[in-house]
Structure formats: structure tokens, C-alpha cells
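Written out below as C-alpha cells is the structure these notes cover.
In C-alpha cells form, the structure reads like this:
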């Protein structure tokens, strides 16, 4: 699958057309909402409290909407003017900033009780201009983020890493800036539901328990239980019986033998039988 | 942009590390947008505010309702009237158009339709 980061820089890729498509797509909406809720859960905020949060790469405010619903006050940053325009039209509650986070952020120390970022971090790994150095930009971003978070606050990034090197690049930059924490991979065995959350702690809560990396969801499971990725075409195909049964295999082998083909395996009770799942 | 965000914002031009707060407002257009009153959030945010900067900024846009000295925040019984006034200033006062200027490096951040443009030039990063 082609990656949007490879096509154009974010402020150009998400033009009016793309931003509108992105925001009106009901599948993207539901996946984003779900990831935002999961990120919020990983933030581990005190219950029943209104917190001051930062949404990095807020886009048209799909994730911000969830923060609104949960009753938090938030500030959103994004580099795409078209996305922000749609956010304005949707009348979301948070404050919006047109900002390139790779240039650092200017918030006073200890401002935020937490930060979330949905599907944005991978954009920072690209060098879209000659002057861009992804490593330096990541370090600048993480160091200013670290400063703007309250001690012990968390930052949760859902992102789509391109490869292991990219993961390592991001993690190294974060750790260099003083963050603790690590990667939480939900549904690691599922192709579609697999999601990466980088869960960072800005220091430890003074006098509190040591923070641990949260448990990932659905380890060992094939597909998540609460999300069903249904595909009608695929389901129909499953109902149809396989034509390649034992008779078909025997027939093929017979034909091969009559044609004088050598090393056709001999028939046995195992011929055309399914392998056990354990195999 | 609400005033609560402005109170948290300082200049982020590289190397501009002192005297970069608060950003001065000029030619601003203000709009009031009502939202739900949330006393709990206000109590949480009070210790984080730079009160002097807030009063100074409020005066720049002709809001004179704020007391010069922050009332004692350690007690829980802040009176409702004060919180409601604070709610008005922090969360309902939106800066729609105008400019923010860094007092140190004079970088101008333009605000358009309530969205400040925080992008920097290449030589500022």
C-alpha cells in the first residue's frame, strides 16, 4: 500500500479535497474515534477531572471531538490549513494552531496534563525540504513537548511506522529528550487491527508509584473481539466449499501418472487431508 | 484562540529563550463564544496561570474585570462570581483576528479566523 507521506508534504497532501474526503469518510471517522479513545485510556488521566490536553496533528478535529465528549479542554496543532479550516467549519471546542511541530512548540513549562497524537508522528520522519533533518526535528519536537508537559504526565502517539528503523529513530529521539516509556502494540497478530501506540512518560509523578508501560490489547488473538472487519465478498467466499478435495487431488495425481510424470507421491490415508491447526 | 491558550504561549523561535512571554497583542478582533461553565477546570488551571501576564493581556484588549492580585487559590472556597468572571475571560473570549508579537525577537505571529500561524522561517528554526 502506498503511504501518503511519500506523495507530498502534509500541508500539501491534505489539500481541500483530500481534507474533505478524509473527514467525511465514515470508516476513517470510526477508526480515528476508536484510536482516540484508546489513546485517552493509555493517558491514564485522573478520573472525573477536566484536564488540559494537547492534540498533536489534530487535523479536522476527529480526535478532538472525542476529547470534547470526555469533557477535556484541549489545544490542537496541525500543519495543514485545509484540515484546520474543516475543523473550524465543524465548530469543535478546542483552540487550533497552524504549526509545524518539527520546529518545536512554544508552550510554557508544565502546561499540559497530557498529549495525544493520532496518525501524525510518521509524517515527522520525512525530509520534505532540503533544510529538514528528521532526527533534529524529532529531537526539537520531543524536547519542547517534554518541557510543556506536567511532571508525570503522559504523551500517547498512535502512529504508522514504516519499518523498524523508523520506530527506533522515534524512540531514540524521545528517550534522548528525557521521556520514559515504550511501544504498546495492540492486536500484534492481526493485519488490520494492529496498532502502534508510543506511550511516553514525562518523568515520574512526584511521590507516586513508578509508571509502567500499559498492557497491550489482544496479544495472541487473531482479531479483536469488539471490532469486526467484515468484508462481504470475503464472507461469501468462505461459505463456498473448496473444490480441491481428496477426489480432486487423487484425480490430478492419476492424470500425472498416466502422463508418465515421475516422482508423483504415492496415495495414502493422508492424501488430501487438512493439516492440523497445530502443525 | 482563547485567552487561556494565549497565557500558555511563548515565542518558540530558536534561541529566543528569555523575555519571550507574554506575546503582545495588536490590532485584535475579539469575539465572545459561550461555553459551559466548568468550575473544576478553572480551579485546576489557576495554579498554572501567569496572573500578571493575564492581567496585562486583558488590559490590552480592554478587559478590566480582573483583579490585579490573584486571590488566595489554596482554599477550595473560591467564590463563584470570581470563577464565572474568570471563565468569561479565559474560555469565552476568543481572539479572531490580529497579531501576536514576541517582546524579545519581534517575530510576528498572525491570527486569522481564530487560528494563529505559528510557522517559522527556515532561519528561525
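Chains as they are written, first to last, in the numbering used here: chain A, 1 to 279; chain B, 1 to 125.
Here a beta-carbon is modelled for each residue, glycine too, at the ideal position from N, C-alpha and C.
Treat the numbers as computed from the prediction; the structure is a model and nothing was measured.
Asked, Found
"CB of residue 31 of chain B within 8 Å of CB of residue 94 of chain B, strictly", "yes"
"Amino acids of chain A, ordered along the chain, whose beta-carbon sits closer than 9 Å to that of residue 82 of chain B", "Going along chain A, no residue has its Cβ under 9 Å from residue 82 of chain B, so there is no contact; the nearest lies around 18 Å."
"Range of the contiguous alpha helix (DSSP H) that encloses residue 1 of chain B", "Run containing residue 1 of chain B: none; DSSP gives neither H nor E here."
"Chain B residues whose Cβ lies nearer than 8 Å to that of residue 23 of chain A", "The contacting residues do not exist; residue 23 of chain A stays about 17 Å from chain B at best."
"According to DSSP, residues forming a beta bridge with residue 186 of chain A", "A:195"
"Integer-rounded CB distance, given that residue 145 of chain A should sit under 8 Å from residue 115 of chain A", "6 Å"
"Backbone secondary structure at residue 115 of chain B - three-state DSSP", "strand"
"Contacts that residue 98 of chain A makes with chain B (C-beta to C-beta distance below 9 Å)", "112, 115, 116, 117, 118 and 119"
"Contact between the stretch 102-122 of chain B and the stretch 85-102 of chain A (3+ Cβ pairs under 8 Å)", "yes"
"Straight-line Cα distance separating residue 148 of chain A from residue 36 of chain A", "21 Å"
"Contacts of residue 61 of chain A in chain B (Cβ-Cβ under 8 Å)", "Ordered by position in chain B, no residue passes the 8 Å Cβ test against residue 61 of chain A, which lies about 12 Å from the chain."
"is_contact[residue 84 of chain A, chain B] using C-beta, thresh 8 Å", "yes"
"Per-residue contacts from residue 9 of chain B into chain D (C-beta, under 8 Å)", "No chain D is part of this structure, whose protein chains are labelled A and B."
"Start-to-end residues for the alpha helix (DSSP H) that takes in residue 135 of chain A", "134-148"
"Cβ shell of residue 171 of chain A (< 8 Å), same chain only, five flanking positions each side left out", "182, 183 and 198"
"Stretch pair the stretch 56-63 of chain A + the stretch 16-34 of chain A: three plus CB contacts closer than 8 Å", "yes"
"Beta-carbon separation (whole angstroms), residue 78 of chain B vs residue 13 of chain B, contact threshold 8 Å", "At roughly 37 Å, the Cβ-Cβ gap does not stay under 8 Å, so residue 78 of chain B and residue 13 of chain B are not in contact."
"Residue 33 of chain B: first and last residue of the uninterrupted beta strand (DSSP E) it sits in", "Neither: residue 33 of chain B is in no beta strand (DSSP E) and is coded neither H nor E."
"N-terminal and C-terminal residue of the beta strand (DSSP E) that residue 98 of chain B is part of", "93-101"
"Cross-strand partners of residue 56 of chain A (DSSP beta bridge)", "A:77"
"Boundaries (first-last residue) of the alpha helix (DSSP H) holding residue 2 of chain A", "No alpha helix (DSSP H) holds residue 2 of chain A; DSSP gives it neither H nor E."
"Delimiting residues of the alpha helix (DSSP H) encompassing residue 115 of chain A", "Per DSSP, residue 115 of chain A belongs to no alpha helix (DSSP H); it is in the beta strand (DSSP E), 112-118."
"Environment of residue 251 of chain A [buried if 16+ CB atoms lie within 10 Å]", "exposed"
"Close Cβ partners of residue 179 of chain A (< 8 Å) along its chain, the five nearest in sequence each way excluded", "142, 146, 155, 200, 201 and 202"
"Chain-ordered residues of the stretch 181-209 of chain A with a beta carbon less than 9 Å from chain B", "none"
"Residues bridged to residue 154 of chain A [DSSP beta-bridge criterion]", "A:114 and A:201"
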